[in-house]
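Notes for the one structure printed next.
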Amino acid sequence: MQQLLCSIVLLLVWACRAQTPTFSPKADTLHAEDGGQIALPAARRYALLQQDTSWATVLALHYRTLVFDGHLDTPSRMLQSFDFGRRHARANGHVDLPRMFEGGLDAAFFAIYVPAAYGESAAAVRYARRMIAEVQRQVAAHADSVALAYSAADVLRITRSGRKAILLGLEGGHALAGSPDTLRALYEAGIRYVTLTHVSSHSWADASQDRPRWNGLNEKGRALIREMNRLGMLIDLSHASDATFFDVLAVTQAPVILSHSSMRALVPTVRNASDEMLRALAQNGGVVLINFFDALVNPNFTAEVYTEAEQRTGGNLRQLWDAVYAIARERRLPGATLEDVLNHIDHAVQVAGIDHVGLGSDFDGVFALPSGLEDVTRLPWITYGLYQRGYSATDIQKLLGGNLLRVLSQVEHAAAALRAREGVPAAE
Ligand SMILES: [Zn+2]
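What follows is the structure in structure tokens.
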């Protein structure tokens, strides 16, 4: 009887909190909010509240916050007849529309990922266009619950109507075939960021997992960066070499992003951002979006493990993950946990500042995820972890999506200012 009464009280507490949020965020973060419907199944919600009453506050905050992920690889699955509108088991993918609703993910950049093997070819551009068309087709088939977004204003309009907003990013820059015309054509096709490289260095920029060709960015690369600034295309420096990263910062007139990278100070791999890069990123006004990939957040992958893995690749770092996981199997190294991802967020906040960190899960692009973060339905547990670690509601809203939305908006404003200076009328 006492247990029953206790449960009723818990439910009442939750119901009240859900309607009257405990937090009143400052005016400057109010934009990063949406409809706020808590979509977690009732039984799960009830179980959480029994575990810890602070879940009432966390769920109310999570579901009314605009949660914006900078990097999902779901389009690669969509091109292989994955139906994004239907619920799938975790083994068949980390993200689909029903699970986006359950996890409270409101907006996401879908990676139009073109394998580096395509090189800088017309075939690479065709592959990108085929993937864009498939995303457009599947989004149109569920127009009542999802829409494509091309601007920060679109993201707000779509998510406030209770739908999910999908943006498109090109991964990587080799698919531009080195052509500013292709860059402009892909912008017209809806692409709003370019990950400059994937695992291979190419004719204008060096990658972190390949030998340098230019020691960063060459003149053709600098011209493409200026054109991205002019178009209002976000520049994504995940996968780029450190030298490319700093070369871009010297040229760009708008904030940049690292759409899916974690912290090198905690897991020392070239795919993660160093503290020096984080400080430069903060100066630039950009944002690092924390990758959940086990290889990038697992503290068991020490400098010694990575050094041995790099040696085993014989200098071909494109094979890095095979070597890392061969060592993990031999030594029976434990996998990462959700707490490890929170540690990477903490470190990024300590070094870059609260305004320069967000989420770039890499869901559907990785084969190993931390326990507790197995798919998109687990995002409320990130919010719970941040809340437990003492982050304020305002800070949590910045981390979950507000910072990325701000950068998107700033890049659009920078482009408008550049075009105005040139005397070119603003697009549309
Ligand atoms: Zn990637």
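Residue numbers (mature numbering (1 follows the signal peptide of the UniProt record, and there is no 0)): -18 to -1, 1 to 410. We put the CB at the ideal spot given by N, CA and C, even for glycine. Fair warning: this is a prediction, and the values are worked out from it, not measured in the lab.
Item                                                                                                                                                                             : Value
Flag residue 58 as yes when its Cβ comes closer than 7 Å to any non-hydrogen atom of ligand 1, and as no otherwise.                                                              : no
Would DSSP call residue 36 helix, strand or coil?                                                                                                                                : helix
Kindly indicate the opening and closing residues of the beta strand (DSSP E) around residue 20.                                                                                  : Note, residue 20: premise wrong, no beta strand (DSSP E); not H, not E.
Strictly by DSSP, which residues pair up with residue 222?                                                                                                                       : 189
By DSSP, does residue 375 sit in helix, in strand, or in coil?                                                                                                                   : helix
If you measure from the CB of residue 347, is any heavy atom of ligand 1 nearer than 7 Å?                                                                                        : yes
Is there at least one Cβ from chain C nearer than 8 Å to residue 308's Cβ?                                                                                                       : The structure shown has no chain C; it contains just one protein chain.
What three-state label does DSSP hand residue 236 in the structure shown?                                                                                                        : coil
Unbroken alpha helix (DSSP H) runs of length 4 or more, entirely within the segment 238 to 294: which are they?                                                                  : 257 to 266, 276 to 279, 285 to 294
On a Cα-Cα basis, can you pick out the residue from 131, 286, 97 that is closest to residue 182?                                                                                 : 97
For residue 396, which residues from the same chain have a beta carbon less than 7 Å from its beta carbon, with the 5 sequence-adjacent residues on both sides left out?         : 211, 235, 236
With a CB to CB cut of under 6 Å and the five nearest residues on each side skipped, what residues in its chain are close to residue 285?                                        : 250
In chain order, what residues of the same chain lie with their CB nearer than 7 Å to the CB of residue 385, ignoring the 5 residues before and after it?                         : 269, 337, 338, 339, 340
Would you mind reading off the limits of the beta strand (DSSP E) that contains residue 151?                                                                                     : 146 to 153
For residue 220, verify whether its CB is less than 7 Å away from any heavy atom of ligand 1.                                                                                    : yes
If residue 323 and residue 283 are in contact, beta carbons under 8 Å, what's the gap, nearest whole angstrom?                                                                   : Not a contact, Cβ separation roughly 14 Å.
Considering only C-alpha positions, which residue in the set 216, 213, 240 is nearest to residue 222?                                                                            : 240
Out of curiosity, what's the CA-to-CA distance linking residue 59 and residue 76?                                                                                                : 10 Å
Please indicate yes or no: does the CB of residue 76 lie closer than 7 Å to some heavy atom of ligand 1?                                                                         : no
Ordered along the chain, which non-local residues of its own chain (more than five positions away) have a Cβ less than 7 Å from that of residue 403?                             : none
Starting from the N-terminal side, write out each stretch of the beta strand (DSSP E) that is 3 residues or longer and does not extend beyond the segment 193 to 222.            : 216 to 218
Can you determine whether any heavy atom of ligand 1 sits closer than 7 Å to the C-beta of residue 153, and answer yes or no?                                                    : yes
Check whether the Cβ of residue 242 lies closer than 7 Å to any heavy atom of ligand 1, and answer yes or no.                                                                    : yes
Write down every uninterrupted run of the alpha helix (DSSP H) in the segment 44 to 112 whose length is 4 residues or greater and which is fully enclosed by it, in chain order. : 56 to 60, 79 to 85
Could you tell me which whole beta strand (DSSP E) segments of length 3 or greater appear in the segment 308 to 396?                                                             : 339 to 341
Which complete alpha helix (DSSP H) runs does the segment 150 to 184 hold, if anything under 4 residues is left out?                                                             : 162 to 170
Return the first residue and the last residue of the beta strand (DSSP E) that residue 138 is part of.                                                                           : Element bounds for residue 138: not the beta strand (DSSP E) but the alpha helix (DSSP H), 134 to 142.
Residue 103 and residue 189: beta carbons closer than 8 Å?                                                                                                                       : no
Would a C-beta distance cut-off of 8 Å place residue 344 and residue 318 closer than the cut-off?                                                                                : no
Within the continuous beta strand (DSSP E) that includes residue 129, where are the two ends?                                                                                    : 128 to 130
What does a CB cutoff of less than 7 Å around residue 127 pick up in its chain, not counting 5 residues either side in sequence?                                                 : 79, 145, 146
Tell me the rounded alpha-carbon separation between residue 392 and residue 220.                                                                                                 : 19 Å
Determine the direct distance from the alpha carbon of residue 42 to that of residue 320, and round the result to whole angstroms.                                               : 21 Å
State buried or exposed for residue -3, treating a residue as buried only when at least 16 other CB atoms are found within 10 Å of its CB.                                       : With a pLDDT of 35 at residue -3, under the threshold of 50, the predicted position of this residue should be treated as unreliable, though the coordinate-derived value follows. Classification for residue -3: exposed.
State buried or exposed for residue 359, treating a residue as buried only when at least 16 other CB atoms are found within 10 Å of its CB.                                      : buried
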